[in-house]
Every structure is written in structure tokens, then in C-alpha cells.
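Here's the structure we're looking at; comments come further down.
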Amino acid sequence: MSVEGVPASAGAPLAEALVAVIRAHAAELSAIDGAIGDGDHGVNMTKGFGMAADRIGSRQVSVSEALQIIADTLLADIGGAMGPLYGTFLGEMAAASAGTDVIDASTVEGMLDRGVDAVLELGGARVGDKTLIDVLVPARAAFRHSRASGATMDQALAAMAEAAERGKESTRDLVAMIGRASRLGERSRGTLDAGAVSCSLLLGAFAQTLRGAITPPAERHRADRSAAQPESRPQATG
Ligand SMILES: [Mg+2]
Numbered sequence: 080m081s082v083e084g085v086p087a088s089a090g091a092p093l094a095e096a097l098v099a100v101i102r103a104h105a106a107e108l109s110a111i112d113g114a115i116g117d118g119d120h121g122v123n124m125t126k127g128f129g130m131a132a133d134r135i136g137s138r139q140v141s142v143s144e145a146l147q148i149i150a151d152t153l154l155a156d157i158g159g160a161m162g163p164l165y166g167t168f169l170g171e172m173a174a175a176s177a178g179t180d181v182i183d184a185s186t187v188e189g190m191l192d193r194g195v196d197a198v199l200e201l202g203g204a205r206v207g208d209k210t211l212i213d214v215l216v217p218a219r220a221a222f223r224h225s226r227a228s229g230a231t232m233d234q235a236l237a238a239m240a241e242a243a244e245r246g247k248e249s250t251r252d253l254v255a256m257i258g259r260a261s262r263l264g265e266r267s268r269g270t271l272d273a274g275a276v277s278c279s280l281l282l283g284a285f286a287q288t289l290r291g292a293i294t295p296p297a298e299r300h301r302a303d304r305s306a307a308q309p310e311s312r313p314q315a316t317g
């Protein structure tokens, strides 16, 4: 019996998707950062992900290799807080997906575990501090919970992306407790955290790319298999 998963060779399309989503939202990321930070988040992220894309070029790389190249680039070439945080996150995800032919749901859970735990340790932020942790922690929890509830890899990835989106939105009403924005105190309330926004975008692109590459193709169940889809709306086919 074959394991449901994504060929580990799919590094190039994954890297393209991550780079594309950052480029598409660069201006938005800088505008959000500008509201309570220094306004450079979109520029920094676009620079880092663009440099990584150039380094990958047209090579066929594995998922692990692609994530490692992006991680190394962010760590080496992007300053501030976000280079080290994303570099560490993606580097740990790369390590957790190395040496396997198929990225299955267990692999993804291991990637999220290593990545999220490393960022928790490095950044010192916790849920509620108005950072990318408000995205990472619920996203990882949703993936785990979905798997434990019997969801397919496709469903677990969808649940993860939805939790990331909700986590991003949760930062709007929070007061920043860490980093530059924390100096604003109450005045940081009412705007999204830029790192939470980019993190939600990256996890969304990660989930979407993997969902589109799952073999055997994910079965699209209707209402009766809807434990993870309580609204029982028709399943998207994309
Ligand atoms: Mg900034």
C-alpha cells in the first residue's frame, strides 16, 4: 500500500510558491510593518526570498534542499529579527524532511514540530505576544489535531492553513509584547503584526503547494466525511 504524500523531489515548485507569495504581498507587508514598525518587512523578505530563488535557479532540488537554500540565504543576508527567525524555521523544516523520498503527513508534522519549537526557543515570544508565534503555534496544533482525528494529509494541511489565517487575524487585537512594536504599548493594538502576516502567507503557500502535489491524489469527500469540514460545503477541487 502506497503512502499518501508528496514526492520529495518537488522542491522547485515549493520554492517558487514561497517566493511568489512574498513578492505578491511585498507592498502590503511593508505597509503593515510601517504602521507599528519600521516598514521594511516586505522589502527584506522580497530581497531574501528573491536571492534564494536566484540561487536555486532552474535546478531540480528536493523539498529539503529548497528550504535549506532559502534558510541559509535568510540567515546570511537578511538582518533584523525576521532573517534569523525564518532562517531557523525553514532550516529546521529542511532538516526534518531530509533523506526521505516521500513527504507524508508524518514528515510534515515533524517539520512543523522542529521548526516551531526552534522559533519558540530562539525568539522567546509566546502566543498572545503579537508575533509570528500567534500563527505558528495554532497552525502546528491544527495539523496535529487533524491527524489525530483521522484527517487525510490534504485535510490536515487545509486545517493548518485555516488556523494560520485565524492566528494572523488574532494579532490585530493584541498589544505587542516583544520587539520594536512593544515600545508602543497600547498603541500597537488595532493593527496586524507584519511577521504574523508573512508567516500566514508562507504557511498558506506551503499547504497549497503540498496539497496540489499529493500522490495518490487526495480524494475529495463530500458531506459524510466532514469531521474536519463541519460546514459540509462542497470541496474545492483545486
Ligand atoms: Mg521591520
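Using our numbering, the letters of the sequence shown correspond one by one to residues 80 to 317.
Here a beta-carbon is modelled for each residue, glycine too, at the ideal position from N, C-alpha and C.
Here the structure is a predicted model, which means the values were calculated and not measured.
For this session: Flag this pair as touching only if the stretch 100–117 and the stretch 270–290 have three or more C-beta atom pairs under 8 angstroms; answer yes or no.
Result: yes
Problem set entry | Heavy atom of ligand 1 within 8 angstroms of Met161 beta-carbon | yes
For this session: Measure the C-alpha to C-alpha separation of Gly159 and Leu108 and round it to an integer number of angstroms.
Result: 15 angstroms
Exercise. Who are the Cβ neighbours of Ala242 in its own chain at under 6 angstroms, not counting the five residues just before and after it?
Worked result: Pro217, Ala218, Ala221
Problem set entry | Ile115 (DSSP reduced to helix, strand or coil) | helix
For this session: Using the Cα positions of Ile157 and Asn123, report the straight-line distance between them to the nearest angstrom.
Result: 6 angstroms
Exercise. Between the Cα of Met161 and the Cα atoms of Asp119, Ile148, Asp213, which residue gives the shortest distance?
Worked result: Asp119
For this session: Output the distance between the C-alpha atoms of Arg134 and Ala91, rounded to the nearest integer angstrom.
Result: 11 angstroms
Problem set entry | Start-end ranges of the beta strand (DSSP E) lying completely within the stretch 161–230, minimum 3 residues | 181–183
Exercise. Across which residues does DSSP place Val85 in a beta bridge pair?
Worked result: Ile182
Exercise. Three-state secondary structure (DSSP) at Thr152?
Worked result: helix
For this session: Quick one: using the 10 Å Cβ neighbour count with 16 as the cut-off for buried, is Arg193 buried or exposed?
Result: buried
Exercise. For the 8 angstroms Cβ check, are there 3 or more pairs between the stretch 197–216 and the stretch 178–188?
Worked result: no
Problem set entry | Identity of the residue in Arg262, Gly274, Leu154 nearest Met130 by Cα | Leu154
For this session: Rank Ala145, Ala175, Arg262 by C-alpha distance to the C-alpha of Ala197 and give the top, closest one.
Result: Ala175
Exercise. Which first and last residues belong to the alpha helix (DSSP H) in which Ser279 is found?
Worked result: 273–292
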